[in-house]
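Counting from 7, one number per residue, gives the positions in the sequence shown under the working numbering. For glycine and all other residues, C-beta sits at the position ideal for the given N, C-alpha and C. Here's the structure we're looking at; comments come further down.
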Amino acid sequence: MSSKKIARLLPIFSGALWGLTGIFVRNLNSIGFDNPQITFFRCSLTALALVIFLSVSDKRQLKIHPKDLWCFFGTGIVSVFSFSLFYFYTLMHSSISVAVILTYTAPFFAMLFSAVLFGEKFTPAKVAALIMATAGCFLLCKTDKNTVLTPIVIATGLLAGLTYALYSIFARFVVKKYPPLVITAYTFIFASAASAFCLDFKEVGSLISSSPSSVFILIAFAVVSALLPYVLLTIGLKYVKPGKAAILTTTEVLTASLCGVFFFHEKITAAGILGIILILTAVILINIKLTVKKL
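Take a look at the structure:
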């Protein structure tokens with residue numbers, strides 16, 4: 007398999023890693039960390055790791071053109087920072103599967119924006135995959151019958167979907183100008199700067215001093231749920247259009263639902279199993295090169 011073909015699969019791995027987010031958020035929340043604090047550490051630790059690496063490897067990579075700052079404002083604040091706040095809140099107030107399902111309205115937003123901004127066509131294969139993935143997501147909602155969806159949870163879940171989709175859109179404008187690590191670094195620099203305004207540093211110090219082991223959880227959280235998946239997705243966007251990438255990352259739903267079952271004893275029903283099958287089929291379908299004539 008060529009490097010380009012492998013790169014086209016990277017959004018799948020990004021989604022799988024994001025699917026582990028709920029485990030970290032639930033554990034950190036049980037320790038005492040709230041939504042803004044979790045968001046800050048996720049963003050700042052990722053930014054710090056990338057800046058250190060780029061400074062050591064090649065400082066020149068950190069130089070960007072001022073006219074591109076708006077793109078990083080978009081990926082960092084409009085997307086990553088906002089998405090983290092909305093998504094983590096939803097995770098804390100509903101089941102993991104429901105939180106992820108609400109977030110996966112993102113493909114609708116991504117395809118709409120891609121069609122308007124980049125002229126990305128709605129091919130039969132893409133539409134079929136989107137329908138299957140969406141149907142699979144809603145079927146997975148049946149894994150937890152006891153979850154009550156309040157208007158606030160629905161709103162934050164949908165806003166998470168919107169802001170999630172915007173990362174691929176903003177990144178598309180700079181993905182061919184800068185290396186993936188540079189794009190990811192500036193994204194999280196902007197996101198960490200925004201999240202710092204929401205933080206009570208004294209309270210954070212007290213939490214860490216009362217639970218020193220939380221430092222290791224925070225570091226692992228930043229690496230698994232931010233550093234690796236965003237780097238992989240940004241690399242993938244060189245070869246995959248935003249709308250298609252949004253469908254490929256639906257592997258997050260599968261991973262998150264399984265985490266809910268195994269780690270938090272959320273029940274999975276026959277409808278949930280069917281949903282998993284539909285999502286996996288959609289991911290396979292979107293990777294098969296079918297022309298409109300063949301369909």
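Which class does Tyr-192 belong to by DSSP, given the choice of helix, strand or coil?
helix
Would you report the Cα separation of His-99 and Thr-256, rounded to the nearest angstrom?
21 Å
Could you tell me if the beta carbon of Pro-186 falls within a distance shorter than 7 Å of some heavy atom in the ligand MN?
The ligand MN is not part of the structure shown, which contains no ligands of any sort.
Flag this pair as yes or no: are the beta carbons of Thr-45 and Phe-87 separated by less than 8 Å?
yes
Just to confirm the assignment: which complete alpha helix (DSSP H) runs, minimum length 4, are found wholly within the region 70-99?
75-79 and 88-99
Have a look at Phe-115 and Cys-143 and give me their C-alpha separation to the nearest angstrom.
16 Å
Would you tell me roughly how many angstroms separate the C-alpha atoms of Leu-165 and Phe-92, rounded to the nearest one?
7 Å
Is the beta carbon of Lys-10 closer than 8 Å to that of Tyr-245?
yes
Measuring alpha carbon to alpha carbon, tell me which of Gly-281, Pro-235, Ser-220 and Val-289 ends up nearest Phe-47.
Ser-220
Between the beta-carbon of Ile-83 and the beta-carbon of Phe-196, is there less than 8 Å?
yes
Determine the DSSP secondary structure at Ser-36, reduced to helix, strand or coil.
helix
Tell me, to the nearest whole angstrom, how far the beta carbon of Ala-112 is from that of Tyr-170; I am working on the premise that it is less than 8 Å.
4 Å
Starting from the C-beta of Phe-124, find all residues in its chain whose C-beta is less than 6 Å away, skip the five residues before and the five after it, and write them out in chain order.
none
If you run the structure through DSSP and keep just helix, strand and coil, what is Glu-209?
helix
Whose C-beta lies closer than 7 Å to the C-beta of Thr-109 among residues of the same chain, with five residues either side of it excluded?
Tyr-93, Gly-163, Ala-166, Gly-167 and Tyr-170
Going straight from the alpha carbon of Pro-17 to that of Pro-235, what length do you get?
8 Å
Backbone secondary structure at Leu-26 - three-state DSSP:
coil
Find out if the Cβ-Cβ distance for the pair Leu-286, Leu-254 is shorter than 8 Å.
no
Spatial neighbours of Gln-67 in its chain, beta-carbon cut-off 8 Å, leaving aside the 5 residues before and after
Leu-60, Tyr-184, Pro-185, Leu-187 and Val-188
Residues in its own chain within less than 6 Å of Gly-25 by CB, not counting five upstream and five downstream?
Glu-258, Thr-261 and Ala-262
What span of residues does the alpha helix (DSSP H) with Val-267 cover, start to end?
257-270
Inter-residue Cα distance where the pair is Cys-204 and Ala-131:
43 Å
Tell me the residue span of the alpha helix (DSSP H) that contains Arg-66.
Careful: Arg-66 lies outside any alpha helix (DSSP H) and carries neither H nor E.
Just to confirm, are Ala-141 and Leu-264 a CB contact at a threshold of 8 Å?
no
What first and last residue would you give for the alpha helix (DSSP H) that runs through Pro-218?
Looking at the DSSP string, Pro-218 is not in any alpha helix (DSSP H), and its letter there is neither H nor E.
Exposure label - Pro-157; buried when at least 16 CB within 10 Å
exposed
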